[in-house]
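To keep things clear, I will list the structure first and then write my remarks on it.
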Amino acid sequence: MTITLKQYWKNRNFEYAAELTPQISASAAEIVRRANKLLVTYHAATGTTEPDNVNSGWRPPSVNAATKGASKNSPHLTAQAVDLSDDSEAIDRWISTDEGRQALEDCDLYAEMATATPRWCHLQTRKTVSGRRIFRP
Ligand SMILES: [Zn+2]
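Each residue of the sequence shown is one higher than the last, beginning at 2 in my numbering.
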């Protein structure tokens, strides 16, 4: 299964419409597109159908400020990141395999290391400072 833009927005595109810019809309569509490309590869490789839920998508400043542990410079602020539900850590484990790392490369995505994201998987389009596909927050 893949995720939808509707799942990504969590209604914040309506609730925080005043803060929504064309750039944020474009970035949201792009992170969802790339995450879905990765999910299709993941499902084909593992035969699984999960995750198909979004824990966290776009965070307007007030939402980000109220999010426990969120970085002040979080790529969620610019809709350049998505947190997929990953209760069993299965996708995080797969991402750390050679096949998973290759998928990150092919989809041009960066992932936060598994130990930093218990029960979810953080993917982002924003390039990391180190350029590493799997990074420490
Ligand atoms: Zn995240």
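All C-beta atoms in this analysis are idealised placements derived from N, C-alpha and C, irrespective of residue type, glycine included.
{"Item": "C-beta atoms of residue 80 and residue 95 nearer than 7 Å", "Value": "no"}
{"Item": "Helix, strand or coil at residue 9 according to DSSP, with G and I counted as helix", "Value": "helix"}
{"Item": "Coil, strand or helix - residue 121 by DSSP", "Value": "strand"}
{"Item": "From 131, 74, 138, 98, residue whose alpha carbon lies closest to that of residue 116", "Value": "138"}
{"Item": "heavy atom of ligand 1 below 6 Å from residue 84 C-beta", "Value": "yes"}
{"Item": "Outcome for residue 52 when other beta-carbon atoms lying within 10 angstroms are tallied against a minimum of 16", "Value": "buried"}
{"Item": "Any non-hydrogen atom of ligand 1 within 6 Å of residue 123 CB", "Value": "yes"}
{"Item": "Residue 68 classed as buried or exposed, judged by whether at least 16 other C-beta atoms fall within 10 angstroms", "Value": "exposed"}
{"Item": "Residue 87 versus residue 42: straight-line alpha-carbon distance, rounded", "Value": "16 Å"}
{"Item": "Same chain, Cβ closer than 8 Å to residue 50, five either side skipped, listed in chain order", "Value": "2, 44"}
{"Item": "Contact check, residue 24 vs residue 82, beta carbons under 7 Å", "Value": "no"}
{"Item": "Reduced DSSP secondary structure (H/G/I, E/B, other) of residue 115", "Value": "helix"}
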